[in-house]
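Asks: Just passing along the structure, written as structure tokens.
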Amino acid sequence: MTETVTLPAIKRIEGHGRVALHLDDDGRVADAHFDVIEFRGFEKMLEGRMVWEMPLITSRICGVCPVSHHLAAVKAVDALYGVEIPRAALLLRELMHLGGFAQDHALHFFFLAGPDFLTGGGASRDLLGVIEARPDLARRAIALRRAGQNVVEVVGGRKSHPVAAIPGGMSRGIDRSQRDELLAAAKGMFDDARSAADLAVETTARLMSENPGYASTPRYNMAQMRGDEFAIYDGTIRIVSPDGSGFAEFDAAAYADHLTERTLDGSYANSPYLTAEGPDKGGYRVGPLARVNMAETMGGTHADELLAGFRERYGRPVHSVLAFHHARMIELVASVERMIAVLEDDEIVSDAVRVRVDRGIEGRGVAAVEAPRGTLIHDYEVDMVGRVTRANLVVATTHNVGSLDAAVLEAVQGFAKEDALTDESVLRMELGIRAHDPCLSCATHEIGRMPLVVSVHNPDGTLVAERGVS
Amino acid sequence: MSKPTLATVSLGGCEGCHVSLLDAHEGLLDLLEAADLVHSPFSGDEEIPAHVDVVMVEGAITTEEDLRRLHAARASATTLVAVGSCAVLGGIGGLRNLSPVAEVKARAFGDHVTKSERLPRLRRLVQPLSDFVEIDISVPGCAPETGLIVDALVAAVSGNEFSFGVRNLCDECHREKRALLEHSSEFVSDDVLALMELDEIDPKRCFLEQGLICMGPMTREGCGAKCTAANVPCRGCMGPSRLDYEQGAKTIDALAAVLPAGGIMYMDDLIGTGYRFSMPVSVFPGALDHEGGDDD
Numbered sequence: 001m002t003e004t005v006t007l008p009a010i011k012r013i014e015g016h017g018r019v020a021l022h023l024d025d026d027g028r029v030a031d032a033h034f035d036v037i038e039f040r041g042f043e044k045m046l047e048g049r050m051v052w053e054m055p056l057i058t059s060r061i062c063g064v065c066p067v068s069h070h071l072a073a074v075k076a077v078d079a080l081y082g083v084e085i086p087r088a089a090l091l092l093r094e095l096m097h098l099g100g101f102a103q104d105h106a107l108h109f110f111f112l113a114g115p116d117f118l119t120g121g122g123a124s125r126d127l128l129g130v131i132e133a134r135p136d137l138a139r140r141a142i143a144l145r146r147a148g149q150n151v152v153e154v155v156g157g158r159k160s161h162p163v164a165a166i167p168g169g170m171s172r173g174i175d176r177s178q179r180d181e182l183l184a185a186a187k188g189m190f191d192d193a194r195s196a197a198d199l200a201v202e203t204t205a206r207l208m209s210e211n212p213g214y215a216s217t218p219r220y221n222m223a224q225m226r227g228d229e230f231a232i233y234d235g236t237i238r239i240v241s242p243d244g245s246g247f248a249e250f251d252a253a254a255y256a257d258h259l260t261e262r263t264l265d266g267s268y269a270n271s272p273y274l275t276a277e278g279p280d281k282g283g284y285r286v287g288p289l290a291r292v293n294m295a296e297t298m299g300g301t302h303a304d305e306l307l308a309g310f311r312e313r314y315g316r317p318v319h320s321v322l323a324f325h326h327a328r329m330i331e332l333v334a335s336v337e338r339m340i341a342v343l344e345d346d347e348i349v350s351d352a353v354r355v356r357v358d359r360g361i362e363g364r365g366v367a368a369v370e371a372p373r374g375t376l377i378h379d380y381e382v383d384m385v386g387r388v389t390r391a392n393l394v395v396a397t398t399h400n401v402g403s404l405d406a407a408v409l410e411a412v413q414g415f416a417k418e419d420a421l422t423d424e425s426v427l428r429m430e431l432g433i434r435a436h437d438p439c440l441s442c443a444t445h446e447i448g449r450m451p452l453v454v455s456v457h458n459p460d461g462t463l464v465a466e467r468g469v470s
Numbered sequence: 471m472s473k474p475t476l477a478t479v480s481l482g483g484c485e486g487c488h489v490s491l492l493d494a495h496e497g498l499l500d501l502l503e504a505a506d507l508v509h510s511p512f513s514g515d516e517e518i519p520a521h522v523d524v525v526m527v528e529g530a531i532t533t534e535e536d537l538r539r540l541h542a543a544r545a546s547a548t549t550l551v552a553v554g555s556c557a558v559l560g561g562i563g564g565l566r567n568l569s570p571v572a573e574v575k576a577r578a579f580g581d582h583v584t585k586s587e588r589l590p591r592l593r594r595l596v597q598p599l600s601d602f603v604e605i606d607i608s609v610p611g612c613a614p615e616t617g618l619i620v621d622a623l624v625a626a627v628s629g630n631e632f633s634f635g636v637r638n639l640c641d642e643c644h645r646e647k648r649a650l651l652e653h654s655s656e657f658v659s660d661d662v663l664a665l666m667e668l669d670e671i672d673p674k675r676c677f678l679e680q681g682l683i684c685m686g687p688m689t690r691e692g693c694g695a696k697c698t699a700a701n702v703p704c705r706g707c708m709g710p711s712r713l714d715y716e717q718g719a720k721t722i723d724a725l726a727a728v729l730p731a732g733g734i735m736y737m738d739d740l741i742g743t744g745y746r747f748s749m750p751v752s753v754f755p756g757a758l759d760h761e762g763g764d765d766d
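Structure below.
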């Protein structure tokens, strides 16, 4: 039986994620799980709240990608009440999302994952290390974040937990001078984004050559796409098989027909799988790598050139999780190009940004957006007055729990206990985890450094060893 | 003379306060010039050092592990700065106090799932830091404006006092009140509406006069009234405007003369709006006896 332990090592970390390794009868690592150890219980908290408040409440799930929750929620309410929002509102919502998306990708590449590969030996492996060793890159990251957050603030009303997307459209539009200011800023982001992408090409190739064959088990890919185009606000959800062939395509409202959420004993995160394939074979991946694998076009000239370069170098579909970094920066460039296109559309300054929406429908509203880390689904059931009777949220990081487990396992599979716990082994596990940019705020959270606690268990579940690693 | 040391800790929350701090952008570099960041989610050792001059804590106490880390932060800090409404008031996560922990977990994981003993135990109630330790500086907001966090940390590392406005949000809000100020036996609106139900959202007129619940009269200033400027009513994230912690009760008190009380109760969600960010400091969680709801 499982021993009761008092978590001595967990007490030595800041993080909220940990890894459990399970040994077989020969004492070799046979299974691995990335476990989430924090839980806030939002789904229960949402019951009894008014459904039009969801965009304002659920954004508080995550301080890193609040825009994604804000928009997934408001789209679900639109769907519930059967509202078509004006085109200007669509553009404004997409613009807000692009701003949040760009700052989030920049944050991850430079400051969160960057310490793994942007600084040389001797620099501390954290945000301070990047600032000290590569002040030029830190300035670029700051410029991208500032511009992205400014878009969120101007369009969304606030940068932290924005408020302006309301059922039926937007609470207000933007004027010409705001548009001109944002357009100039978006054009200013382009060079920084492009140079980040160049850097990502080089560092990803280096990481992959230093870690040949690392964490690259084929899996299904899933993303919401606008036809064959990379899109973060709307579209239909598509799943492709590990060999790249089409597997399923459906509206977000039908997600429950395709995905099953499995609960896990050792983690506060659920782990979904493709229902048709079952828990063992139905593992899939979401996020930048899945989207870039699936897109025929990124929607922008330069991003499409980067996509072609990516395909030429790594083929299609790409399953190495280290390629997440490269894919993420292709998306950064695509976001900036799309931002410019949206801002150049004169409809963006229209006053017609909302239609009135009345309560009085009992039913269900489901919608999805592509959050920076992947598909984010909000699902609400509501009574006649507009009170939420049941809520279900499937967040990006949980879709990737299976992929995270696989990455960790591949790093240490077959290792004896002592070998699995060396600094080198733990760094290898971390490398794969960080490539996914898991947001444990959503699944639950940790930005920045993510110290791991690794525990090792016998086949009967007994804890045999544990260590915390900085 | 060596620089003062700074640490930041994140407990049960969303990391939004840390992101708001990062949004100081170049100002962050200035802050890092003024103080040595020795421990944070971005950098530093696993455990907070034994002595740190200023410790910023984001998030509420939701698990036993949160509480342990709060005590470690308090023991280490000369000045403890509680940042964000989760730390100061319990915050939005405190809405889980309306239900027993078992129900909250059952909703997410089903009734039959037993979680490993290795997961940190959830506490029965989400609570603010001040229920356990003394707080030197409190900065509410969800998330607080970047400038407010930076000002508080700069004041703390320089050993200065920190304070900000104690009036209510209406004093910061640009919207005009007319009907509200007239002596009348009528409510200013016959209905209680949702923002989406208005034909037009009047960008200049007080939201209460438009028949919407706005938390402005019950909420402390200091956020810059950005939501009302963006044509969206206040939801009270700065917490109560005075030492009176009953933000929701004050909502009834303030609005009963303005909007039809029955409408407030039926057409809106008085608890989830009135106490959205301050449930853990209200009388409700203590008064609600969650039978068998002790911890997990």
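Line by line, the protein sequences are chains V and P. Residues in the first sequence are numbered consecutively from 1, following this note's numbering. Residues in the second sequence are numbered consecutively from 471, following this note's numbering. Every residue gets a Cβ at the ideal spot worked out from N, C-alpha and C, and that includes glycine. Predicted, not measured: the structure shown is a model, and the values here were computed from it.
According to DSSP, simplified to helix, strand and coil, what is His378(V)?
Replies: His378(V): strand per DSSP, three-state reduction.
Asks: Can you tell me where the beta strand (DSSP E) with Val369(V) in it begins and where it stops?
Replies: Taken as a continuous stretch (DSSP letters only), the beta strand (DSSP E) holding Val369(V) covers 363-371.
Asks: Quick check on DSSP: helix, strand or coil for Thr444(V)?
Replies: With a pLDDT of 38 at Thr444(V), under the threshold of 50, the predicted position of this residue should be treated as unreliable, though the coordinate-derived value follows. Three-state result, Thr444(V): coil.
Asks: Since Met429(V) meets chain P, which of its residues come closer than 8 angstroms, beta carbon to beta carbon?
Replies: Here the premise fails: no neighbours, minimum Cβ distance about 16 angstroms.
Asks: Rounded to whole angstroms, what is the Cα-Cα separation between Ser320(V) and Arg434(V)?
Replies: Whole-angstrom Cα-Cα distance: 13 angstroms.
Asks: Considering Cα atoms alone, identify which of Val426(V), His457(V), Gly360(V), Gly402(V) is closest to Val51(V).
Replies: Minimum Cα distance to Val51(V) is reached at Gly360(V).
Asks: Can you tell me which of the three DSSP states Asp523(P) falls into?
Replies: Residue state, collapsed to three classes: strand.
Asks: Tell me which residues share the same chain as Leu71(V) and place their Cβ nearer than 8 angstroms to its Cβ, disregarding the 5 neighbours each side in the sequence.
Replies: Cβ neighbours of Leu71(V) beyond the five flanking positions: Pro55, Arg93, Met96, His97, Ala165, Tyr233, Val369.
Asks: Under 7 angstroms, do Arg373(V) and Ala407(V) count as touching if we go by C-beta distance?
Replies: Contact: no.
Asks: Could you give the DSSP three-state label for Gly278(V): helix, strand or coil?
Replies: The answer is helix: DSSP assigns Gly278(V) an H, G or I state.
Asks: In three-state DSSP terms, what is Pro459(V)?
Replies: Pro459(V): coil per DSSP, three-state reduction.
Asks: Using CA atoms only, rank isn't needed, just tell me which of Leu729(P), Leu498(P), Phe579(P) is closest to Glu656(P).
Replies: Glu656(P) has its Cα closest to that of Leu729(P), out of Leu729(P), Leu498(P), Phe579(P).
Asks: Taking DSSP as the reference, what is the three-state secondary structure of Val5(V)?
Replies: Note that Val5(V) has pLDDT 24, beneath the 50 cutoff, so the model's placement of it is unreliable and no number is given.
Asks: Am I right that His326(V) and Thr204(V) are in contact with their C-beta atoms under 8 angstroms? What's the rounded C-beta distance?
Replies: That belief holds up - the Cβ atoms of His326(V) and Thr204(V) are roughly 4 angstroms apart, short of 8 angstroms.
Asks: How would you list, in chain order, the residues of chain V whose beta-carbon sits under 8 angstroms from the beta-carbon of Glu646(P)?
Replies: Here the premise fails: no neighbours, minimum Cβ distance about 17 angstroms.
Asks: Please report the distance separating the alpha-carbon of Val753(P) from that of Asp31(V).
Replies: Val753(P) and Asp31(V): Cα-Cα distance of roughly 47 angstroms.
Asks: Check for me: the alpha helix (DSSP H) holding His302(V) runs from which residue to which?
Replies: Here the alpha helix (DSSP H) through His302(V) covers 301-314.
Asks: Who are the Cβ neighbours of Val336(V) in its own chain at under 7 angstroms, not counting the five residues just before and after it?
Replies: Here the set comprises Ala102, Ala186, Met189, Phe190, Ala193.
Asks: Could you confirm whether any beta carbon from chain P is found closer than 7 angstroms to the beta carbon of Met1(V)?
Replies: Because the pLDDT at Met1(V) is just 28, under 50, the model does not fix this residue reliably, and the point stays unresolved.
Asks: Tell me the rounded alpha-carbon separation between Gln597(P) and Ala504(P).
Replies: C-alpha separation (whole angstroms): 32 angstroms.
Asks: Looking at C-alpha atoms only, which residue of Leu650(P), His653(P), Val627(P), Pro614(P) is the closest neighbour of Phe634(P)?
Replies: For Phe634(P), the nearest C-alpha among the options comes from Pro614(P).
Asks: Give me the Cα-Cα distance between Ser555(P) and Leu127(V), rounded to the nearest whole angstrom.
Replies: About 26 angstroms.
Asks: What residues in the region 334-364 of chain V have a beta carbon less than 7 angstroms from any beta carbon of chain P?
Replies: So the list reads Arg356, Val357, Asp358, Arg359, given in the order they occur along the chain.
Asks: In chain P, which residues lie with their C-beta within 7 angstroms of the C-beta of Tyr268(V)?
Replies: Per Cβ cutoff of 7 angstroms: Leu589.
Asks: With which residues is Ser608(P) paired in a DSSP beta bridge?
Replies: In DSSP, Ser608(P) forms a bridge with Ala552(P).
Asks: How many Å lie between Ala731(P) and Glu679(P) at the Cα?
Replies: Distance between the alpha carbons of Ala731(P) and Glu679(P) is about 15 angstroms.
Asks: Does His457(V) come within less than 7 angstroms of chain P when only Cβ atoms are used?
Replies: For His457(V), the answer is no, since every Cβ of chain P falls outside 7 angstroms of its Cβ.
Asks: So with Cβ pairs under 7 angstroms, would you call Gly121(V) a contact of chain P?
Replies: No, Gly121(V) does not count as interfacial toward chain P.
Asks: When Cβ atoms are compared, which residues of the region 538-567 of chain P fall closer than 7 angstroms to chain V?
Replies: The residues in question are Arg538, Ile562, Gly563, Leu565, Arg566.
Asks: Does DSSP put Ser160(V) in a helix, in a strand, or in coil?
Replies: Coil at Ser160(V), not helix or strand.
Asks: Counting beta carbon pairs with one atom in the region 618-629 of chain P and one in the region 545-552 of chain P, are three or more of them shorter than 8 angstroms?
Replies: A contact exists between the region 545-552 of chain P and the region 618-629 of chain P.
Asks: Anything in the region 147-178 of chain V with a Cβ closer than 7 angstroms to a Cβ of chain P? List those residues in chain order, please.
Replies: So the list reads Gln149, Gly157, Arg158, Lys159, Ser160, His161, Val163, Ala164, Ile166, Pro167, Gly168, Ser171, Arg172, given in the order they occur along the chain.
Asks: Taking only the alpha-carbon atoms, compute the straight-line gap between Arg219(V) and Arg285(V) and give it to the nearest angstrom.
Replies: Answer to the nearest angstrom: the Cα atoms are 7 angstroms apart.
Asks: Tell me which residues share the same chain as Ser271(V) and place their Cβ nearer than 7 angstroms to its Cβ, disregarding the 5 neighbours each side in the sequence.
Replies: Hits under 7 angstroms: Arg262, Leu264, Thr398, Val401, Gly402.
Asks: One question on the structure: do Cys704(P) and Cys684(P) come within less than 7 angstroms of each other, judged by their Cβ atoms?
Replies: Taking 7 angstroms as the Cβ cut-off, Cys704(P) and Cys684(P) qualify as a contacting pair.
Asks: Reducing DSSP to helix, strand and coil, say where Gln178(V) ends up.
Replies: In the structure shown, Gln178(V) sits in a helix (DSSP, three-state: H, G or I).
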